[in-house]
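Here's the structure, in structure tokens; my notes come after.
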Amino acid sequence: MSGVVSLYELTDEQIVEVYQRSVEEDVVIEFIDMVEQELNRRGLLSA
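The working numbering numbers the first residue of the sequence shown as 12 and each following residue consecutively.
Spelled out as structure tokens, the structure:
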């Protein structure tokens, strides 16, 4: 298996870091949307 980790397995701090880095590095919008949805699910994204 590759080292791919599910967003569900990340800690709150890790998922916020992934999101911030994704936005900074202009990652594909689909990935950013996926991370945003997970942040919303956890109540971490302040709209």
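Backbone N, C-alpha and C fix where the C-beta goes; we use that ideal spot for every residue, glycine too.
Please read these numbers as outputs of a predicted model, since none were measured by experiment.
No Cβ-Cβ contact shorter than 9 angstroms links VAL16 with SER33. Rounded to whole angstroms, TYR19 and GLU49 show a C-alpha spacing of 8 angstroms.
If you draw a 10 Å sphere on the C-beta of VAL29, you find 16 or more other C-beta atoms in it, and that means buried. Note on ILE40: under 16 other CB atoms within 10 angstroms of its CB, so exposed under the neighbour-count rule. Counting along the chain, the unbroken alpha helix (DSSP H) around LEU50 starts and ends at 40 to 53.
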